[in-house]
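Okay, so here's the structure we're looking at.
Chains as they are written, first to last, in our numbering: chain A, 1 to 179; chain B, 180 to 360.
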């Protein structure tokens, strides 16, 4: 499984961004959202039980992620049409503010190494990727265990909080050089 | 009131401040215009007098917008860092200096103004807020960037007089409020 310090894979995937068939589909690649942090979170299957609560929870925190220059991107191995149907069907997903990636060929999940060996679908993996495309956090839960998006936000905060102030300089240390 | 009028209206007991302010601001030879006005803004914000802050920002608005924004950012972030790091250096228990601060301060990297200018404004704000560790650290950084003591002193001089003017204006405003109450 790809881990911290490695580059998030190259990808180009259909994504579902709304419930309106005319405007629902777009193509997203690893190069979109340049300069932003990315929070990718994968789930096994649309239309199952645990997923909507998690996804809706990420949706509710979307503005918090946005304030921190982070883009949330959900994904599973379902097609963009299944994503559309699910968004149309489920009350909590109708106004989801972020895209759902359709990794139907399973290439992204395979490269990431997050496919469940038995079921062939994505495990509940979450990646935080920095603006340079490097993975800075990864967590994976088994198929049936949901995530806590607040915790992901906390980690993002911590990753973004650097002590840039020379005030923290201790005698004998080299001086800080903000990039 | 604009800055000139504000300075002009300083009471007789603050005549020294009036003269210091006008010569430091109007006959400035050591600081560039952006350094000068950023220092005025950062010091005024740090000194917390409403009228002076308004006048300083109005006067500084002829500078590039990123200069004014960055100077305000300097005062804002120093408002936080000066408290936290002053504490860690005041307290006898040295453990606090090794605990992670867990305070976001990304504007120190992304302020968009010149590095030297931003450091000068931070030094000025830190001087107003009285954090010894911060003043030391920022001064050291400035010298490493090739800034002379004379230039640093010029900025701190402005911080000093702006702060003094703020205290006088607070006092005068209190008197005026009592009189009209």
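Cβ atoms here follow ideal geometry from the backbone N, Cα and C, with glycine treated the same way.
Since we're looking at a predicted model, the values are computed, not measured.
Interface annotation, residue 164(A): in contact with chain B, CB-CB separation under 8 Å. Comparing alpha-carbon positions, the option among 29(A), 135(A), 58(A), 36(A) lying closest to residue 4(A) turns out to be 135(A).
Under the three-state reduction of DSSP, residue 148(A) is assigned to coil, being neither helix nor strand. If you check the CB distance, residue 39(A) and residue 26(A) do not come in under 8 Å. Burial of residue 59(A) is indicated by the presence of at least 16 other C-beta atoms within 10 angstroms of its C-beta. Here residue 93(A) has 52, 55, 56, 86, 87 as same chain residues with Cβ atoms under 7 Å from its own Cβ, once five neighbours each way along the sequence are excluded. At a cut-off of 8 Å between beta-carbon atoms, residue 282(B) makes contact with chain A.
Around residue 285(B), the beta-carbon contacts reaching into chain A at under 9 Å are 160, 161, 162, 164. Runs of the alpha helix (DSSP H) lying entirely within the region 34–90 of chain A and spanning at least 4 residues, in chain order: 50–60, 62–67, 80–89. Of the residues 160(A), 156(A), 22(A), 143(A), the one whose Cα lies closest to the Cα of residue 49(A) is 143(A). In the DSSP secondary-structure assignment, residue 137(A) is bridged to 128(A). For residue 205(B), not one C-beta of chain A is nearer than 8 Å to its own C-beta. CA-to-CA, the gap between residue 280(B) and residue 164(A) works out to about 10 Å.
According to the DSSP assignment, residue 25(A) belongs to no alpha helix (DSSP H) but to the beta strand (DSSP E) extending over 25–29.
The beta carbon of residue 324(B) sits closer than 6 Å to those of 295, all from its chain and outside the five residues before and after it, given in chain order. In this structure, the beta-carbon distance from residue 276(B) to residue 310(B) does not fall below 8 Å. Ranked by Cα distance from residue 150(A), the first of 129(A), 83(A), 44(A), 61(A) is 61(A).
Counting other Cβ atoms within 10 Å of its Cβ, residue 317(B) reaches 16 or more and is therefore classed as buried. When Cβ-Cβ separations below 8 Å define contact, residue 264(B) makes contact with chain A. If you draw a straight line from the Cα of residue 321(B) to the Cα of residue 140(A), it is about 46 Å long. Residue nearest to residue 254(B) within the set 193(B), 329(B), 305(B), 347(B) is 305(B) (criterion: CA-CA distance).
Put simply, the CB of residue 260(B) is near chain A, with a gap under 8 Å to one of its CB atoms.
The Cβ atoms of residue 122(A) and residue 109(A) lie closer than 8 Å to each other. The beta carbons of residue 205(B) and residue 345(B) sit about 19 Å from each other, so the pair does not count as a contact at 8 Å. Residue contact check for residue 288(B) against chain A: a CB pair falls below 8 Å.
In the structure shown, residue 225(B) adopts helical secondary structure according to DSSP, grouped into three states. Between residue 232(B) and the set 274(B), 209(B), 250(B), the nearest pair of CA atoms involves 250(B). By the Cβ neighbour-count rule, residue 131(A) is exposed, with fewer than 16 other Cβ atoms within 10 Å of its own. The beta carbon of residue 351(B) sits closer than 7 Å to those of 190, all from its chain and outside the five residues before and after it, given in chain order. The C-alpha of residue 182(B) is placed about 24 Å away from the C-alpha of residue 359(B).
In the three-state reduction of the DSSP assignment, residue 13(A) falls in the strand class, which pools E and B. Residue 119(A) is not bridged by DSSP to any residue. Under DSSP, residue 287(B) takes part in no beta bridge, so it has no partner. Residue 341(B) holds the alpha-carbon nearest to the alpha-carbon of residue 201(B) among 225(B), 230(B), 341(B), 261(B). Residue 164(A) carries a coil assignment under DSSP once its states are collapsed to helix, strand and coil.
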